[in-house]
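The next block holds one structure in the form of structure tokens; read it before the comments.
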Amino acid sequence: MTPAPKATPFETVVPDCCNIGMVTRTLVAVNLVVFLAEMVEGRGWSGMLGASVLVEPVSLASLVSLCGLRRLSRVIPPWGQRALCALVPAAIASLVIQFLLSTPGGLFDLSVVPATEGMLTAGVFGIALQHYFELRTRAFSPALSEARLQALQARIRPHFLFNSLNAVLSLIRTEPLRAESTLEDLSELFRVLMRDARDVTSLEEEIRLCRQYLSIEKVRLGERLQVQWKTEGISEKMLRKARVPSLLLQPLLENAVHYGVEAVSEPVTIEIELARQTDRILVGIFNPIPTASATAGTRGGNHMALENIRERLALLYDVEAQLTAGPAGDRFEVRLYFPYVRGD
Amino acid sequence: MANRIFIVDDEAPARARMAMLLADIAPEFPNMLVGQAENGAMALAAIPDARPDIVLMDIQMPGMSGIELAGHLGRLEPAPAVIFVTAFDEFALKAFEVHAIDYLLKPVRAARLSDALRRAAALSAKPQATAIAATANDLGVRRAHFAIPERGRLTLVPVADVVYLKAELKYVTLRTRTREHVLEESLLSLEQELGERFVRVHRNTLVARHAIAGVERGVPDASDPDKAQEAWQVVLTGVEERLPISRRQWPLIKALLNRGA
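Line by line, the protein sequences are chains A and B.
For reference, each letter of the first sequence is one residue, going 1 to 344 in this note's numbering.
For reference, each letter of the second sequence is one residue, going 1 to 261 in this note's numbering.
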């Protein structure tokens with residue numbers, strides 16, 4: 001039930017400083033700011049020229065260093081990477097200032113940029129540009145994560161789809177009416193699955209979908225699948241009004257069926273609890289943890305569905321929603337809460 | 001002569017559908033359904049009596065996978081031919097292709113079923129057993145049970161119940177808390193497959209890691225200089241007997257115990 005903790009590499013937040021576009025954008029931005037500063041200070045072009053002796057080498061050296069350091073980003077946590085983006089330019093600025101000071105000929109006039117101020121400025125530039133590029137990457141990435149999500153779903157579906165179709169085929173001659181209703185359930189489920197993952201639905205609709213899903217599984221698994229619904233303090237009207245992201249609960253039930261029921265020969269009860277706590281809706285999904293010997297014939301699980309839903313909840317509700325999952329005693333518990341958002 | 005067919009699938013509708021298809025193809029491929037089972041243990045109990053020529057077997061089943069079950073059936077005399085049936089299992093299917101093992105995809109079509117049955121009827125069981133063992137190895141399937149042929153049937157012993165495996169002259173003795181069984185397998189291949197759960201304490205002995213309670217110094221046997229060297233012994237949970245640790249394995253066992261402590 002519990003996947004082995006994997007050492008996943010960290011997300012890279014250091015901008016790609018080897019990229020020409022990146023380098024150009026950075027140099028233009030830095031020079032523009034310096035130019036404006038010199039203009040405001042009233043030193044004009046001569047001030048700009050003096051500053052560029054410091055600004056250009058620091059900028060270029062920082063870019064080159066970060067370009068190299070980026071390769072290590074997978075082993076450094078994101079906050080460390082962000083710090084590096086400030087520290088590297090600051091350190092380089094300090095070195096360059098030291099070097100220029102020690103060079104005879106008075107190329108560098110300390111009255112223009114004092115050493116500490118130079119370091120500080122370089123650091124601020126570093127972190128500001130890092131932040132800008134990180135936000136930019138994020139703005140473009142949803143398409144990517146959407147594609148990843150779809151790919152994940154495609155990997156979980158086939159087993160369920162083909163087994164369900166097989167079960168329907170077995171019903172056609174003996175129980176044609178049941179075959180019909182199962183195919184109806186199946187098509188409605190797939191219609192929702194093929195919809196945009198960002199769709200919002202009512203809690204009532206989501207529960208109906210869950211019941212349809214479970215009735216398909218019931219055809220397949222028969223007495224092995226038992227379901228118990230418990231609702232507390234939620235009226236029919238509330239269920240109709242409450243807005244939830246579509247496919248919030250069905251994947252959790254699918255997980256419970258796959259790991260809790262399919263893996264066991266004996267009848268297993270999945271419990272589903274719905275409750276309201278002032279302005280929150282609480283959902284609990286529980287299934288007994290199969291013993292190790294019972295699961296010997298089935299493949300170990302992944303908890304993609306959980307991660308998936310956690311991510312969607314975070315996107316929609318930020319800290320107002322939460323999903324926790326894990327073994328508690330002899331059963332596996334998934335609990336989530338999210339704000340009661342009323343629709344029309 | 002009608003071929004005897006046995007169906008193993010944990011889903012009742014899937015078994016019903018397969019039985020229906022077998023009836024449908026009976027005119028072109030005479031067959032007789034001699035039994036059905038919903039899991040590996042039930043299949044192993046029923047198959048020796050049902051004596052099927054061909055077993056149609058689901059892969060993903062609770063308790064024992066189809067791959068493991070097929071491996072056990074290969075030890076029967078005569079062993080039935082096996083055709084795997086699965087809804088979707090990318091990894092298994094790839095391994096089947098590699099080892100030329102026949103499989104059917106659910107939902108199964110009548111025409112494909114009769115083709116596969118015809119091929120299976122013409123197949124000899126021995127090469128198939130080898131191919132299945134190789135497939136299990138490719139897929140990293142570790143058996144969860146020993147299926148031991150005893151008086152014409154297969155006795156099922158969960159690997160978790162085994163305390164130790166000891167090589168005798170031509171066979172391996174398997175000891176549980178309550179019984180002893182005889183296996184016709186080599187200790188080396190057992191160690192290769194089950195090395196995660198067993199540890200070698202002596203040239204001829206594998207002990208279940210969970211069954212090691214501790215070690216103690218044995219009484220040196222003065223009459224036998226070899227045994228005098230092997231002063232340390234494994235103390236087991238659930239079995240009175242002590243097992244000698246060879247000098248060569250001693251550092252490993254000591255490290256194992258220290259890690260556990």
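Glycine included, every Cβ here is placed at the ideal spot set by N, Cα and C.
Please read all numbers here as calculations on a predicted model, not as lab measurements.
ILE7/B places its beta carbon 9 Å or farther from that of ALA23/B. PRO251/B has a beta carbon lying at 9 Å or more from every beta carbon in chain A. At the C-beta level, PRO15/A and GLU134/A come within 9 Å of one another. With respect to PRO48/B, LEU154/B sits close: the two C-beta atoms are nearer than 9 Å. The beta carbon of SER265/A sits closer than 9 Å to some beta carbon of chain B. Taken through DSSP and simplified to helix, strand or coil, LEU156/B comes out as strand. Shown here, TYR337/A sits in a strand according to DSSP, grouped into three states.
Under DSSP, MET57/B forms a beta bridge with VAL8/B and PHE84/B. The DSSP-derived three-state label of MET32/B is strand. Annotated three-state conformation of ASN19/A is coil, per DSSP. ARG242/B is bridged by DSSP to VAL235/B.
Nearest in C-alpha terms to SER246/A, of all of CYS210/A, ALA321/A and VAL261/A, is CYS210/A.
The shortest C-alpha to C-alpha distance from LEU306/A to any of ASN287/A, TYR317/A, LEU248/A and ARG74/A is the one to LEU248/A. The beta-carbon distance between HIS159/A and PHE146/B, rounded to whole angstroms, is 29 Å. This is too long to meet the 8 Å contact definition. With at least 16 other beta carbons inside 10 angstroms of its own, MET119/A counts as buried. Taking a C-beta distance under 9 Å as the contact criterion, ASN287/A and TYR317/A do not qualify as a contact pair. For the options VAL141/B, GLY238/B, VAL162/B and SER246/B, the alpha carbon positioned closest to that of ILE148/B is the one of VAL162/B.
Non-local C-beta neighbours of ARG197/B in its own chain, meaning closer than 7 Å and more than five positions away in sequence, comprise VAL159, ALA208 and ARG209, ordered along the chain. In this chain, the beta strand (DSSP E) harbouring HIS181/B covers 180-183.
The CB of VAL219/A comes closer than 8 Å to the CB of PRO13 in chain B, given here in chain order.
No Cβ-Cβ contact shorter than 9 Å links TYR164/B with GLU184/B. Three or more beta-carbon pairs drawn from the stretch 223-236 of chain A and the stretch 272-279 of chain A are found closer than 8 Å, and the two stretches are therefore classed as touching. Going by DSSP, ALA179/A is part of the alpha helix (DSSP H) stretching over 176-193. A residue is called buried when at least 16 other Cβ atoms come within 10 angstroms of its Cβ; GLY71/B meets this threshold and is buried. For LEU209/A, the uninterrupted alpha helix (DSSP H) run begins and ends at 203-221, by DSSP. Cβ-Cβ distances below 8 Å link ARG119/B to ASP102 in the same chain, with the five nearest sequence neighbours on each side left out; the list follows chain order. Only exposed fits ASP279/A, as fewer than 16 other CB atoms lie within 10 angstroms of its CB. In the displayed model, GLY233/A falls within coil according to three-state DSSP, outside both helix and strand.
Annotation: SER265/A to ALA167/A spans about 18 Å, alpha carbon to alpha carbon. Between ILE285/A and ALA256/A, the gap from beta carbon to beta carbon is short of 9 Å. When Cβ-Cβ separations below 9 Å define contact, ARG191/A makes no contact with chain B.
For LEU63/A, the secondary structure class from DSSP, reduced to helix, strand or coil, is helix.
Within the stretch 97-165 of chain B, complete beta strand (DSSP E) segments of at least 3 residues are found at 103-105, 145-150 and 153-158, given in chain order.
It is roughly 22 Å from the alpha-carbon of ARG191/A to the alpha-carbon of ILE172/A.
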